[in-house]
Amino acid sequence: NGDTSPTVSMAELDHQVQLISKSHLETCQYLREELQQMSWQNFLQDEVESYQSKPREVMWQLCAVKITEAIQYVVEFAKRIDGFMDLCQNDQIVLLKAGSLEVIFVRMCRMFDSQNNTVFFDGKFAGPDVFRALGCDDLISSVFDFAKSMCSLHLSEDELALFSAFVLLSADRSWLQEKLQVEKLQQKTQLALQHVLQKNQREDGLLHKLRCKVSALRSLCSRHTEKLSAFRAVYPDIVGTHFPPLYKELFG
Amino acid sequence: LKEKHKILHQLLQNSTS
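As they're listed, the protein sequences go chains A and B. Positions 19 to 270 (the working numbering) are the ones given, in order, by the first sequence. Positions 8 to 24 (the working numbering) are the ones given, in order, by the second sequence.
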């Protein structure tokens, strides 16, 4: 009937928060404690130089593999979100194709060390210089800036889980067939996010700050697509034969 | 879309472990 404003009780919201937090923790690839234990492991200068001296296509392939691994966890997260698997298959694919990399960027703040400006990559914490061989310093720098800015919000795991689900369930993606269903799910998730922010006694403007992150995420993802197109124009065979098939499906 | 995203579709079909 066109009404997308669900009436949800506090108990339902609590339940929703619990479910999404559980799904997030089950699929987040690394637990905070694990990352904490590895936080002292930074790449040594000769290791940094070894990444920098890799051929461009080898470094691109390595990053494509790492992104693809992370995407598989995001797919599992999506599957465990209440209502996601009730959407039509077209819309499940549309949401993941558009949103999986965005969720990876959101999740990245868990693996980011703001003090050292490093991120967990390939077994240790890496600064932006590790990625120099990719030939996309501007994009890498923006990704690090985004992670730093997300970290500064100090989101708890349940807040991060709800925000990730909110991003994934964006109802304004192109090619959705049952937009209304997605809108309902996203609104329910936003209510749960508001609920958890209030419950955790977070500052009033935090939801607004998170909403602003959505446009930053879209910009990062479109710039990733541009960089991939530029790379593929030079190395079409590398992408065709050496990149993970799932990565090509989503970004090709 | 399903035809162009066979791996993603397969991952979605696999039961949650």
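Beta carbons: idealized from backbone N, C-alpha and C, even for Gly. Given the structure is predicted, the values throughout are model-derived calculations rather than measurements.
* **Best match in A:K217, A:R220, A:A183 and A:Q219 for proximity to K202 of chain A [C-alpha to C-alpha]** => When only C-alpha atoms are compared, the closest one is A:A183.
* Would you list the one or two residues that DSSP bridges to A165 of chain A? => Its beta-bridge partners do not exist; DSSP assigns none.
* To do: Go through the segment 158-230 of chain A residue by residue and report every complete run of the alpha helix (DSSP H) that reaches 4 residues or more, in order.
  => List check, alpha helix (DSSP H) in window: 175-186 and 197-217.
* **Distance between beta carbons of N135 of chain A and N60 of chain A, contact taken as under 8 Å** => Wrong, their Cβ atoms sit about 11 Å apart, outside the cutoff.
* Can you tell me the Cα-Cα spacing of L19 of chain B and V252 of chain A, whole angstroms? -> Each residue's alpha carbon lies about 33 Å from the other.
* Asked: Is the CB of N134 of chain A under 8 Å away from at least one CB in chain B?
  -> No - not a single Cβ of chain B is within 8 Å of the one on N134 of chain A.
* **Buried/exposed call for L198 of chain A, threshold 16 Cβ in 10 Å** => Under this definition L198 of chain A is an exposed residue.
* **Residue environment, G141 of chain A, which counts as buried when at least 16 other CB atoms sit within 10 Å** => With fewer than 16 Cβ atoms within 10 Å of its Cβ, G141 of chain A is classed as exposed.
* To do: Please name the residues in the segment 79-94 of chain A whose beta-carbon is closer than 8 Å to at least one beta-carbon of chain B, in chain order.
  => Listed in chain order, the positions of the segment 79-94 of chain A with a beta carbon within less than 8 Å of a beta carbon of chain B are Q90, V93 and E94.
* Using the beta-carbon count (16 or more within 10 Å), is Q79 of chain A buried or exposed? -> A buried status is given to Q79 of chain A, since no fewer than 16 other beta-carbon atoms sit within 10 Å of its beta-carbon.
* Mind pulling the chain B residues with CB within less than 9 Å of V112 of chain A? -> Correct list: L8.
* Asked: Should L131 of chain A go down as buried or exposed, given a rule of 16 or more other Cβ atoms within 10 Å for buried?
  -> A quick correction: the sequence has Asp, not Leu, at residue 131 of chain A. Result: buried.
* Asked: Nearest-angstrom Cα distance between R150 of chain A and Q212 of chain A?
  -> Roughly 39 Å between the two C-alpha positions.
* Compare the C-alpha of V66 of chain A against each of A:F143, A:F102, A:I85 and A:S39 and name the closest. => Comparing alpha carbon positions, the residue from A:F143, A:F102, A:I85 and A:S39 closest to V66 of chain A is A:F143.
* Nearest CA to the CA of Q208 of chain A: which residue from A:E120, A:L180, A:L119 and A:M103? -> Closest in C-alpha terms to Q208 of chain A, from the list A:E120, A:L180, A:L119 and A:M103, comes A:L180.
* **Contact list for L171 of chain A against chain B, beta-carbon separation under 8 Å** => Correct list: empty, because the minimum Cβ distance to chain B is about 30 Å.
* Asked: For D109 of chain A, is the classification buried or exposed, using 16 other Cβ atoms within 10 angstroms of its Cβ as the cut-off for buried?
  -> It is buried - the Cβ of D109 of chain A has at least 16 other Cβ atoms within 10 Å.
* To do: Indicate the three-state DSSP secondary structure (helix, strand or coil) for N60 of chain A in the structure shown.
  => Three-state result, N60 of chain A: strand.
* Note down, in chain order, each residue of its chain lying with its Cβ closer than 7 Å to the Cβ of V83 of chain A, except the 5 sequence neighbours on either side. => For V83 of chain A, where only same-chain residues beyond five positions count, the Cβ hits under 7 Å are P262.
* Below 6 Å CB to CB, which residues in the same chain sit around N19 of chain A once its five sequence neighbours on both sides are set aside? => Any answer about N19 of chain A is weak, because its pLDDT of 45 lies below 50 and its placement is not dependable; what the coordinates show is given next. Within the same chain, N19 of chain A has no close Cβ partners at all.
* is_contact[G20 of chain A, chain B] using C-beta, thresh 8 Å -> At G20 of chain A the pLDDT is 49, less than 50, meaning the model places this residue with poor confidence; the figure from the coordinates comes in the next sentence. Chain B, which has no Cβ nearer than 8 Å to the Cβ of G20 of chain A, makes this no.
* Answer yes if the segment 113-125 of chain A comes into contact with the segment 235-252 of chain A, meaning at least three C-beta pairs across the two stretches below 8 Å, and no otherwise. => Taking a cut-off of 8 Å on C-beta distances, the segment 235-252 of chain A touches the segment 113-125 of chain A, as three or more cross pairs fall below it.
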